[in-house]
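One structure is given below, encoded as structure tokens.
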Amino acid sequence: MRSLKKSLVHMLSVPLLLSLSCHSFADLTIDGKPAPHQNLSTHDVKELLADDDELELTPQGSTTASTTLRQSNGAPPAMHSGVVDTTFMNNAGPNVHAGSALVMDAQTGEVLFSKNSNSSRPMASITKLMTAVVTADAHLDMSQDITLEPIDFDGPKKASTKLRAGDKMNRAEVLLVALMKSENPAAAALARTYPGGKPAFIAAMNAKARELGMSSTHYFESTGLDPRNVSSARDLAILVTQAYKYGVIRQFSSTPHYDFNLGYRMLNASNTNALVRNGGWNINLSKTGFINEAGRCVVMHTTVNSRPAVVVLMGEPTTQARNTDATDLLNWLTGLPKDT
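Have a look at this one:
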């Protein structure tokens, strides 16, 4: 089991298929090529989920970062919501289009770039990152079949989906399609099938946010379609740091492509983040989001020049602007001295 955990810790360099013994996954494909199968028992998956949040890893591709964010002068940024800070950076940085942005050294918690990072705003499908954390914390049976119901497709907004009522997947596949493809019915089904149902799930999301010190964050549902799901760039950097501790979230959120075998049809899905699909950067964790009220959003945990870093962009006007700003920040980070 220890060797198995070590292989999953390094899943960023060797993508693995979390295929459960009694419910096989479809082939995980990277650039169209199936990845090797790694058969795990349900017990092994549960043990992995139980131990992930206790791992202390070292760079490359991992971090022991605290959730305390620090600026380069050692002073903590303002902790209350609604504070509109000026753009902060150690060196000249890109002029991002985002309403809020933050780049943080994930190992030290040092804030390298900040724009309105304490302002609370709708987070859209970045919500699903907390949905994944709450699901993982519950240590539920990941091989349990979940059938999507019509209620999973209801919500404050109608969103595009490739899923249909009656589709059946195991819980791990539901989590994968929620993180990678940002499928809203999948995130709704995870909340519905949680012990105590949706009310208990939403309570757990908000309790986890309070536990992590995410003071500008509140959740009303599990998908992100409700604009009342709000957070700040600072809080989302804390969430990314926490979510990174879970191997299953790292792998699922950074999977470029996956073919789901639903029995009666194949569902070919790709990651919603073009930077993950294109494979030009070492992105360890990713989640995108969009509703009109939130604009385009993205959070990433990446490793640049052996420095683990968290990038948060909220309120981008277009997908192209989001991708451009993310790329510009990563390029800027590439040239930043490590001891900054």
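Numbered according to mature numbering (1 follows the signal peptide of the UniProt record, and there is no 0), the sequence shown spans residues -26 to -1, 1 to 314. Each residue gets a CB set at the ideal place from its N, CA and C atoms; glycine is no exception.
Problem - Given 8 Å, three or more beta-carbon pairs between the stretch 143 to 156 and the stretch 226 to 238 - result: yes
Exercise for the section: Pull up the distance between the alpha-carbon of ILE125 and that of MET97, whole angstroms please. Expected result: For this step, residue 125 is matched to residue 151 along the sequence shown. For this step, residue 97 is matched to residue 123 along the sequence shown. Going from the Cα of ILE125 to the Cα of MET97 covers about 23 Å.
Problem - Straight-line Cα distance separating LEU122 from ALA139 - result: Here residue 139 corresponds to residue number 165 of the sequence shown, with the count starting at 1. Here residue 122 corresponds to residue number 148 of the sequence shown, with the count starting at 1. Using only the alpha carbons, I get a separation of about 5 Å.
Exercise for the section: Measuring alpha carbon to alpha carbon, tell me which of MET288, THR246 and LEU114 ends up nearest ASN266. Expected result: Locating residue 266 in the sequence shown gives position 292, counting from the first residue. The shortest Cα separation from ASN266 among MET288, THR246 and LEU114 belongs to MET288.
Practice task
Consult DSSP for GLU147 and reduce its assignment to one of helix, strand or coil.
Solution key: As a working mapping, residue 147 is identified with position 173 in the sequence shown. Here GLU147 sits in helix by DSSP.
Practice task
Out of ASN297, HIS113 and LYS312, state which residue places its alpha-carbon closest to the alpha-carbon of LYS261.
Solution key: Mapped onto the sequence shown, residue 261 falls at position 287. It is ASN297.
Exercise for the section: Would you be able to state if there are at least three C-beta pairs under 8 Å between the stretch 214 to 222 and the stretch 300 to 307? Expected result: no
Handout entry: HIS113 vs ASP299 beta-carbon contact at 7 Å
Key = Here residue 113 is taken as the residue at index 139 of the sequence shown, counted from 1. Here residue 299 is taken as the residue at index 325 of the sequence shown, counted from 1. No, the Cβ-Cβ distance between HIS113 and ASP299 is not below 7 Å.
Handout entry: Which listed residue (LEU241, VAL272, ASP200 and THR82) has its alpha carbon closest to that of ALA133
Key = Here residue 133 refers to the residue found at position 159 when the sequence shown is read from its first residue. The shortest Cα separation from ALA133 among LEU241, VAL272, ASP200 and THR82 belongs to ASP200.
Handout entry: Local conformation of ALA139 per DSSP, three classes
Key = Numbered from 1 along the sequence shown, position 165 holds the residue referred to as residue 139. Looking at ALA139 - three-state DSSP - the assignment turns out to be coil, as it is neither helix nor strand.
Exercise for the section: Taking PRO291 as the reference, give the member of ASP119, GLY73, GLY67 and VAL107 with the closest Cα. Expected result: Taking the sequence shown and counting its residues from 1, one reaches residue 291 at position 317. Per the Cα distances, GLY73.
Problem - Cβ contact check for the stretch 157 to 172 and the stretch 185 to 193: 3 or more pairs under 8 Å - result: no
Exercise for the section: Would you identify the three-state DSSP class for THR215, choosing helix, strand or coil? Expected result: Within the sequence shown, the letter at position 241 stands for residue 215. THR215: helix per DSSP, three-state reduction.
Exercise for the section: Report the rounded CA-to-CA distance for PHE194 versus ILE120, giving the unit in angstroms. Expected result: Along the sequence shown, read from residue 1 onward, the residue named residue 194 stands at position 220. Along the sequence shown, read from residue 1 onward, the residue named residue 120 stands at position 146. Those two C-alpha atoms are separated by around 22 Å.
Problem - PRO10 versus GLY171 - alpha carbon distance - result: Position 36 of the sequence shown, counting from 1, holds the residue named residue 10. Position 197 of the sequence shown, counting from 1, holds the residue named residue 171. Per-residue confidence for PRO10 stands at a pLDDT of 31, beneath the threshold of 50, marking its modelled position as unreliable; the derived number appears in the next sentence. The straight-line gap from Cα to Cα measures roughly 35 Å.
Practice task
Could you please give the first and the last residue of the uninterrupted beta strand (DSSP E) stretch that includes VAL272?
Solution key: Here residue 272 corresponds to residue number 298 of the sequence shown, with the count starting at 1. Residues 269 to 278.
Exercise for the section: Mark PRO311 as exposed unless 16 or more other C-beta atoms lie within 10 angstroms of its C-beta, in which case mark it buried. Expected result: Here residue 311 refers to the residue found at position 337 of the sequence shown. Exposed is the call here.
Exercise for the section: Work out the CA separation of VAL214 and THR37 for me, nearest whole Å. Expected result: One-based indexing of the sequence shown puts residue 37 at position 63. One-based indexing of the sequence shown puts residue 214 at position 240. Any answer about THR37 is weak, because its pLDDT of 37 lies below 50 and its placement is not dependable; what the coordinates show is given next. Distance between the alpha carbons of THR37 and VAL214 is about 12 Å.
Practice task
Under 6 Å Cβ to Cβ from ARG270, same chain only, skipping five residues before and after it: list those, please.
Solution key: Translated into positions along the sequence shown, residue 270 becomes position 296. Hits under 6 Å: PHE264, GLU290, THR293 and ARG296.
Practice task
My understanding is that ARG95 touches VAL273, with C-beta atoms under 8 Å, so please give their C-beta distance in whole angstroms.
Solution key: Here residue 95 refers to the residue found at position 121 when the sequence shown is read from its first residue. Here residue 273 refers to the residue found at position 299 when the sequence shown is read from its first residue. That pair is no contact at about 13 Å.
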